[in-house]
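Peer 1: Sharing a structure here in structure tokens format.
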Amino acid sequence: MQAIHYDRATDVAHALRLAQQPGAMYIGGGTNLLDLMKGDVERPRRLVDITHIGLDQVIELPDGGLRIGALVRNSDCADHALVRQRYPLLSQALLAGASPQLRNMATVGGNLLQRTRCPYFTDTAFEHCNKRMPGSGCGAREGYHRMHAILGASEACIAVNPSDMNVALAALEAVVRVAGPGAERAIALADFHRLPGATPQIDTLLRPGEMIVAVDLPASPFARHSHYLKVRDRASYAFALVSVAAALELEGDGVTVRQARIALGGVAHKPWRVAAAEAALAGQPLSDARSRQAAALLVAGAQGRPDNAYKIEMAQRAVVRALRNAANADNAASTGERA
Ligand SMILES: Cc1cc2nc3c(=O)[nH]c(=O)nc-3n(C[C@H](O)[C@H](O)[C@H](O)COP(=O)(O)OP(=O)(O)OC[C@H]3O[C@@H](n4cnc5c(N)ncnc54)[C@H](O)[C@@H]3O)c2cc1C
Ligand code: SF4
């Protein structure tokens, strides 16, 4: 049994100091980290509890956007009046994830950093996982890969990012604010998560010891017409096979798209956006045929393996349906649903 030192940080500066110690990890809600520690996948020597440092508020920004503190619980974020009003897409995505009990514990920062659910990664009985043990191989490539990536994968790793929240944040062009030993910095959500390449053990651009302090959402014209569609094996308490965050700004005729944002989840190591797919919708009346063209651009270059190739068609159908739902929406927040 390994001894673990526990510290409760009192503010951000204190947390950053504590995290400089060897083997330290931050702990938010603990809903992912504690599972991985029990499974011997993560082995911190020190836990820095950041749940008492503040950063648990949603604040209005002067440009009409919102700053969501890293310690805001997923339930509180989903239910916050300003989030529901201005970013119903985010509220829907959060409510499509996990269970009410988990969402009551899970934090925004922890959700951003939750690790893949690839079973070869989470179960140490498997010997081959480059993400857990760099250089050991990838068990999923020739093994169980029904949930795995069709886009942006590498020889080394075909895992997907499991978060629903991240998909909505990608479509909403969120910015992650990070504090570290140096100056605070801001990283566009689009850049925050990495593709696996030859170093799949590195999930994000976060540097050792850095802490997420907030997520900024820019003012959005997509409040009215957006939809989060999650396709999964069960209607609740299951990770996405494929998910779509679709957001539309429509012209006054209610049909012509002024601008569109589409992000795919469950298909890559990070939320997947393709500018050409969104541009293909702009200035055009929305139709299923046009949505299908955009969907084809989104999955261009997708590569399926025997047990996950189904995702290529599923993702395109889900995009068409999510765009149709977004156009027809006059948003009240709702949960994800089966395609
Ligand atoms: C049974 C189950 C089902 C689930 N289903 C879904 C689902 O359908 N969809 C979905 O999206 N998610 C799902 N989840 C995942 C859940 O959303 C995550 O576990 C949760 O969001 C993680 O947040 P946390 O605060 O508990 O993170 P923690 O477990 O505390 O931390 C996770 C990681 O983030 C780091 N960390 C935490 N906060 C910070 C910070 N501010 N700065 C830097 N590092 C930090 C920790 O060191 C750790 O590495 C499920 C989880 C479980 C257990
Ligand atoms: S897909 Fe990635 S996480 Fe899964 S076994 Fe391969 S290297 Fe490990």
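Here the sequence shown stands for residues 5 to 343, numbered as in the numbering used here. The beta-carbon is built from N, C-alpha and C at its ideal position, and this holds for glycine as well. In this text the structure is predicted, and so the values were computed from the model without any measurement.
#1: When burial is assigned at 16 or more other CB atoms within 10 Å of the CB, is LEU176 buried or exposed?
#2: Counting C-beta neighbours from all protein chains within 10 Å, is the total for ALA251 16 or more, i.e. buried, or is it exposed?
#3: If you follow the alpha helix (DSSP H) that ALA279 is in, where does it begin and where does it stop?
#4: With distances taken from CA atoms, which of PRO26, GLY186, ASP44, GLY73 is nearest VAL180?
#5: Any heavy atom of ligand 1 within a distance shorter than 7 Å of the CB on ASN115?
#6: Taking the straight line between their C-alpha atoms, what separation do you get for HIS18 and ASP60?
#7: I need the straight-line Cα distance from ASP277 to VAL261, nearest angstrom please.
#8: So what's SER230 in DSSP terms, helix, strand or just coil?
#9: Would you list the one or two residues that DSSP bridges to CYS142?
#10: Report the three-state DSSP secondary structure of ASP67 (helix, strand or coil).
#11: At which residues does the beta strand (DSSP E) containing ASP53 begin and terminate?
#12: Quick check on DSSP: helix, strand or coil for PRO225?
#13: Measuring straight from C-alpha to C-alpha, what distance separates VAL303 and GLU131?
#14: What distance in whole Å lies between the Cβ atoms of GLY270 and ALA239, which are believed to be in contact at a cut-off of 8 Å?
#15: Looking at the unbroken alpha helix (DSSP H) that takes in ILE124, where does it start and where does it end?
#16: What does ALA190 pair with, by DSSP beta-bridge criteria?
#17: Which residue or residues does DSSP assign as beta-bridge partners of MET215?
#18: Starting from TYR314, trace the alpha helix (DSSP H) both ways and give me its first and last residue.
#19: Cβ of GLY27 within 7 Å of any heavy atom in ligand 2?
#20: If you measure between the beta carbons of GLN307 and ILE154, is that distance less than 8 Å?
#21: When you measure from the CB of PHE243 to every non-hydrogen atom of ligand 2, does any distance come out below 7 Å?
#22: Please report the distance separating the alpha-carbon of ALA336 from that of ARG88.
#23: Comparing the CB of ALA144 with every heavy atom of ligand 2, is any distance shorter than 7 Å?
#24: Contact defined as beta carbons within less than 8 Å: I believe ALA97 pairs with GLY33. What is the distance between those atoms, to the nearest angstrom?
#25: Can you have a look at ASP292 and say buried or exposed, based on whether 16 or more other CB atoms are within 10 angstroms of its CB?
Peer 2: The short version:
#1: Result: buried.
#2: Looking at its Cβ environment, which holds 16 or more other Cβ atoms inside 10 Å, ALA251 is buried.
#3: 279–283
#4: GLY73
#5: yes
#6: 17 Å
#7: Note that residue 277 is Arg in the sequence shown here, rather than Asp. Rounded to whole angstroms, ARG277 to VAL261 spans 18 Å at the Cα level.
#8: strand
#9: CYS133
#10: In the structure shown, ASP67 sits in coil (DSSP, three-state: anything other than H, G, I, E or B).
#11: 50–53
#12: coil
#13: Cα to Cα, VAL303 sits roughly 32 Å from GLU131.
#14: Not confirmed; about 16 Å, so no contact.
#15: Per the sequence presented here, residue 124 reads as Tyr, with Ile not at that position. If you look at TYR124, you'll find it in the alpha helix (DSSP H) that goes 123–126.
#16: ARG181, per the DSSP bridge assignment.
#17: ALA183
#18: Segment 314–332, the alpha helix (DSSP H) holding TYR314.
#19: no
#20: yes
#21: no
#22: With a pLDDT of 46 at ALA336, under the threshold of 50, the modelled position of this residue cannot be trusted, and the question is left open.
#23: yes
#24: Contact flag wrong, Cβ pair sits at about 17 Å.
#25: exposed
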